[in-house]
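In terms of the working numbering, the sequence shown opens at residue 5 and continues consecutively.
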Amino acid sequence: SIWRKRPRATSADGCCVAWRSDLFRLLEEENVEFIDRTCPVQGNEFKDRIALIALLQQKGSRQKICLVSTHLQRNPEDLAQEMLRAKQVGQVLRALVDFATKHDVFEVPVVLAGDLNCSSFGRLRGVANTLSLLNRDVVLHPFTFDTADVPTGVTSVTLARKLRIDAIVYQCQRLELVDVQESPDLHEAIPNERHPSDHVPIVARFRCRSQRGRNGLRHVAKEWFWSLAGREASTVLSTAQLQRAFQVYEDGNGRISASSFQKALTLLFPRAFAADANVSTAVERFREAGDVNCEEFVAMYLEAVKMGGLPGLNDLRDAFRLLDRDQNGTLDLQELLDAFEQCAPTRVPRDEIEA
């Protein structure tokens, strides 16, 4: 295992990453001390929290995985602290880019876990991504727009809160969630005789998706259909991937008929669909379109993505609501300046934002 103490001199706690030594070996590690603020006069940096990044390799398959352990700003019930937590998340995401660049591991799946002290990690990620996207020079890690939370129940109950504030966040295009340990049903404040901490552990098991599986015909064909059914895309399909997906549905004559479409759905989804209005609408919409060629097939996907939203769009919407302090539905220059002041780890000159 590896452990690093947090920067606060009066605190003895920190972050840890542990692994089974018979299964994994540590290849690289790095810690990130969050800069909460900088003194404008003397330039002193104020640090309190930390993140730990570890690159592990499975001894048998040699599969690599990047683990991030962190503990964000406290008091999840205080929304005024959300901007500082977003700032810390932004520093983690930028540290991931530096780490992946240094060790050439952009294609390695990432799992981030810890006490995030918030009920919506997506909102924090959305704020960090918004400020990053406003910087034309920024490089984003694939983890930025390819994440999912492991579904768990409430993880902390005290006299002041009853919230899910601990999370495991993973790259859903590179990792398959196999199992989640059921969280205990908390009815009273913890710690108590049964739970020695004010947090309960969360446990999940993953399986790495193969490169072939992520880019295979079945996968891209399913992604096309789920986009048509109105589900937020987990990734954006390229033109080449869409052309390959078309091959799954077409009837052998360069077109997709109602019968070939239904046959493809039966092969892709051998189990009957659950009662889902969006799925039914997608099937009916395709049948009404009649025979479809490859160009129309691509156009249907682009329209569906336009209507449903790109990956991470819900995060950006949550971020917008947080940044829009006066709740008037627009972001003015002062609100952006305030956001940079509170969330950017370094000072951003006003003239750069105005430009």
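Cβ atoms here follow ideal geometry from the backbone N, Cα and C, with glycine treated the same way.
- Judged by pairs of C-beta atoms under 8 angstroms, the segment 155-166 touches the segment 177-194, as three or more such pairs exist.
- Between residue 152 and residue 176, the C-beta spacing is below 8 angstroms.
- If the five residues before and after residue 194 are omitted, its C-beta is found closer than 6 angstroms to the C-beta atoms of 161, 202, all from its own chain and listed in chain order.
- Taking the CA atoms as reference points, residue 301 sits about 25 angstroms from residue 149.
- For residue 225, the number of other beta carbons within 10 angstroms of its own is at least 16, and it is reported as buried.
- By the beta-carbon neighbour count (other beta carbons within 10 angstroms, threshold 16), residue 19 is buried.
- When DSSP reads this structure, residue 49 sits in a beta bridge with 42.
- With respect to residue 228, residue 246 sits close: the two C-beta atoms are nearer than 8 angstroms.
- Counting only runs of at least 3 residues, the segment 88-131 fully encloses the following beta strand (DSSP E) elements, listed from N- to C-terminal order: 114-119.
- The DSSP-derived three-state label of residue 242 is coil.
- Note that the segment 94-113 touches the segment 55-64; at least 3 beta-carbon pairs, one per stretch, sit closer than 8 angstroms.
- With respect to residue 35, residue 66 sits apart: the two C-beta atoms are not nearer than 8 angstroms.
- For residue 25, there is no enclosing alpha helix (DSSP H), as DSSP gives it neither H nor E.
- Excluding sequence positions up to five before and after residue 213, its CB lies within less than 6 angstroms of the CB of 178, 180, all in the same chain and listed in chain order.
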